[in-house]
Each structure stands twice: as structure tokens, then as C-alpha cells.
Amino acid sequence: MKIYLSGIQPSGALHLGNYFGAMQPAIELQSQGQALYFIADYHALTSVGRADDLRRFTFDAAAAFLACGLDPRRTILFRQSDVPQVHELAWLLSVVTPLGLLERATSYKDKVAQGAEARHGLFAYPVLMAADILLYRSDCVPVGKDQKQHLEMARDIAQKFNDRFGPVFKIPEPVIREATALVPGVDGRKMSKSYGNTLELFGEDKALDKRIMGIPTDSTPVADPKPVDGSILAQLMQTVGTPAQYEAYVAKMKAGGCGYGDLKKELAAVTKAFLAPFKEKYQAFQARPDEVESILRDGAERARALALPTLEAARQATGLSHGN
Numbered sequence: 672m673k674i675y676l677s678g679i680q681p682s683g684a685l686h687l688g689n690y691f692g693a694m695q696p697a698i699e700l701q702s703q704g705q706a707l708y709f710i711a712d713y714h715a716l717t718s719v720g721r722a723d724d725l726r727r728f729t730f731d732a733a734a735a736f737l738a739c740g741l742d743p744r745r746t747i748l749f750r751q752s753d754v755p756q757v758h759e760l761a762w763l764l765s766v767v768t769p770l771g772l773l774e775r776a777t778s779y780k781d782k783v784a785q786g787a788e789a790r791h792g793l794f795a796y797p798v799l800m801a802a803d804i805l806l807y808r809s810d811c812v813p814v815g816k817d818q819k820q821h822l823e824m825a826r827d828i829a830q831k832f833n834d835r836f837g838p839v840f841k842i843p844e845p846v847i848r849e850a851t852a853l854v855p856g857v858d859g860r861k862m863s864k865s866y867g868n869t870l871e872l873f874g875e876d877k878a879l880d881k882r883i884m885g886i887p888t889d890s891t892p893v894a895d896p897k898p899v900d901g902s903i904l905a906q907l908m909q910t911v912g913t914p915a916q917y918e919a920y921v922a923k924m925k926a927g928g929c930g931y932g933d934l935k936k937e938l939a940a941v942t943k944a945f946l947a948p949f950k951e952k953y954q955a956f957q958a959r960p961d962e963v964e965s966i967l968r969d970g971a972e973r974a975r976a977l978a979l980p981t982l983e984a985a986r987q988a989t990g991l992s993h994g995n
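Per the numbering used here, residue 672 is the first one in the sequence shown, and the count goes up by one each step.
Take a look at the structure:
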């Protein structure tokens, strides 16, 4: 049975990029093997500075996974911090991780360029992510395009450990859906909380309307055809709409006679219809916090049962365990 692992960082309100880049492909894999999904609260400390915020974001992320289709009877959902063994493994991996490998991480450089402080936690993020992946002997890891490099780094780190200490770790494979792995934000860059360009999964409809109506467009006259290539509107419609809705939308853009205001209103309507069933379930889980907490605790117990043999194998290989 293959093991699938995915995580989501609880650093703010979840958005369409989170759903299509990580949550949906992960949830679709839950019927194909043993799936583990974790709320990466240790990772979130690189950007979340208030304890109450971290607790709320973590709970909200768990409720979101459940609302979007995760079945806790078939999968393991847990908080990263409820399996502290991941930090011991991160240290064991750090001793074989070349500094140059971390220096090449584009995510770190991008975040620092955007104003984030150059701290060790942010710099060493890929090592902890590698520990997340390797601790459970994951075969496949659903990731967005922006996380593909981190998974490649995890593969490199695992191989370096195996070369030095023996064959302890599986080498995981990425699972990336090219069509929707990178969702554009309302400014055309990848959708990201750090860019402030997101469309929230569970936000108010009025706020979503305002975001979509504010998407920048060119000055093409109403009567003229609208360019499709590179259009944020077309890309978002392809993401949230059915194939038929997308084809009709593109045909309308190419035909002309329709203004950008009407195209944005149509996109907003389709987006709200897409999100409506998720929002209903999400609100129901928000009203049952004890149920969500019980699911997380059960998931942590199951995750630790998978983690401990891997950590012990790594300890044995490095000489930290003194038993036979």
C-alpha cells in the first residue's frame, strides 16, 4: 500500500490556491492508499507571531480539510506539533544537508525579497519539511509547483543520509497536477497570503465579489474580443468552472461585445457556486470543535505509530540507539 503525505501551513485564511494546489489533489488520493495529512503548525511559526492566531488558524485548517472531503476514517489528519519526533529527525537530516542546497531555495530568497526577516527557521524550512515527508516513509507527496523544489531537496537529503548511514529512507515522488497546480492571484502572481492577492475559501461573498471586481484588466473596448492568453479571468474560470463553463466563457471573451465588468460578475457567480457546499460543511465543523479536536488527537496517535519505527531506524543507523 502506497503512503501519501501532504501538509498545509496554518498561517492565515485558506484560499483557492491552497485548495487546488494541495488540498484537492491530496483528498483525491485518500482512496488509493494510506494517506496522512498534517497541519504544519511548526512551519507556521516562521510567519505567525501570536499564539491565539496560531491556534485558530490550525483549527480552521483542520475544519477546512474535513469540509473539503477528507474522511478521517480512511485517512490520518493530525497537527504537526503532536508528533514531536519530527524535530529529532530534522536534526539527523541537518547533519547531512549541504549549506549550498539550502542557499539555492527559491522560496527562501523570494520571501526575504518580499520583506521577511532572514531567520534560521525560514532558512532551514526545507530540512524540517524533509523530516515531515521521510518520517512516515511517504511514497508520494502532492505539492503545488511552488513546493516542487522543496520536495526535490527532501529527495536529495534522503539520498545523502542513505549514502552516509545506510538505506533508511524511501525516496518520495511528487504528485503535481499541471492544470491547476499553480493558481493565479487577483494580481496575476501566484495566489499567496504573503502577496495579499487571494480569494478565500470561506470568506464573505461580498469580499469575494470585491476582490474579483478589482482584478486589473486592459483597456480593450467592450465591442472588441478580449485576449484569453495570460488573462487572470480566464485562468480563474478554468480553475473553478466546469469544462463547459470555461469553454463558454472563453468563447464569450473571443466573440467580443461583453465588457470586463460582466465577465468579472460571471466569474464571481461561478466561484461562489463552487465554494458554497464547502462553506456549508465548514460552518458545521466550526460549530463542533470537540469533534474536530478528537479527530486530530486520534490522527496524532496513528501518525506517531508510523513515525516511531522510522526514527528508531535512523537512530540505529547513526549510532544514537545502543540496543541490538
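Cβ atoms here follow ideal geometry from the backbone N, Cα and C, with glycine treated the same way. Bear in mind that the values here come from a model prediction, so they are computed numbers and not experimental data.
Checklist entry - Can you tell me the Cα-Cα spacing of E844 and K673, whole angstroms? => result 11 Å
Checklist entry - Using CA coordinates, which residue listed in A984, G927 and L676 is at the minimum distance from Q705? => result L676
Checklist entry - Quick one: what's got a C-beta closer than 6 Å to D880's C-beta in the same chain, skipping five residues either side? => result A939
Next on the checklist: Between the alpha carbons of T891 and K923, how many angstroms are there, rounded?
Outcome noted: 14 Å
Checklist entry - Looking at C-beta atoms only, is the number of pairs between the segment 753-769 and the segment 732-740 that lie closer than 8 Å three or more? => result no
Checklist entry - Among S992, A976, L748 and L760, which has the Cα closest to the Cα of F832? => result L760
Item to check | C-beta contact flag for P681 and T729 at 8 Å | outcome: yes
Checklist entry - Are the Cβ atoms of L644 and Y807 separated by less than 8 Å? => result Outside the shown range of the chain, which is 672 to 995, sits residue 644, and nothing can be said about it.
Checklist entry - In chain order, what residues of the same chain have a beta carbon less than 8 Å from the beta carbon of Y796, not counting five sequence neighbours either side? => result H714, T717, A776, S778, Y779 and H821
Checklist entry - Does the separation of the CB atoms of A825 and M800 fall below 8 Å? => result yes
Item to check | Where A894 falls, given that 16 or more other Cβ within 10 Å makes a residue buried | outcome: exposed
Next on the checklist: Just verifying my parser: in three-state terms, what is the DSSP assignment at I842?
Outcome noted: coil
Item to check | Beta-carbon proximity list for I698, same chain, < 7 Å, skipping 5 on both sides | outcome: C739, G740 and L741
Checklist entry - Touch check for the segment 908-920 and the segment 978-986: three-plus C-beta pairs under 8 Å? => result no
Item to check | Selection from I828, A784, R750 and G792 that minimises the alpha carbon distance to G771 | outcome: I828
Next on the checklist: As a quick exercise: from A988, G990 and R975, pick the residue whose alpha carbon is nearest that of F749.
Outcome noted: R975
Item to check | P702 classed as buried or exposed, judged by whether at least 16 other C-beta atoms fall within 10 angstroms | outcome: It should be pointed out that residue 702 corresponds to Ser in this sequence rather than to Pro. With fewer than 16 Cβ atoms within 10 Å of its Cβ, S702 is classed as exposed.
Checklist entry - How long is the line joining the alpha carbons of T768 and H993, rounded to whole angstroms? => result 24 Å
Checklist entry - Near T942, what residues of its chain come up, given a Cβ to Cβ distance below 6 Å and the 5 sequence neighbours on each side ignored? => result V911
Item to check | Outcome for V658 when other beta-carbon atoms lying within 10 angstroms are tallied against a minimum of 16 | outcome: In the structure displayed, the chain extends from 672 to 995; residue 658 sits before or after that span and is not available.
Item to check | Limits of the beta strand (DSSP E) - the one that P813 falls within | outcome: C811 to P813
Checklist entry - When the Cα atoms are used, what is the spatial distance from L991 to A711? => result 27 Å
Checklist entry - For the segment 706-761, which segments carrying the beta strand (DSSP E) assignment without a break, of at least 3 residues, lie completely within its bounds, in sequence order? => result 746-750
Next on the checklist: When you compare the CB positions of Y953 and F873, do they come within less than 8 Å of one another, or not?
Outcome noted: yes
Item to check | Three-way DSSP call (helix, strand, coil) for I804 in this model | outcome: helix
Next on the checklist: Taking 6 Å as the limit between beta carbons, can you name the residues of its chain near R646, skipping five residues before and five after?
Outcome noted: One cannot answer for residue 646 here, as it falls past the ends of the chain, which runs 672 to 995.
Item to check | Residue span of the alpha helix (DSSP H) that contains L946, given as start and end | outcome: Y931 to Q957
Next on the checklist: Rounded to whole angstroms, what is the Cα-Cα separation between I886 and D933?
Outcome noted: 13 Å
Item to check | Spatial neighbours of G927 in its chain, beta-carbon cut-off 6 Å, leaving aside the 5 residues before and after | outcome: A894, D895 and P896
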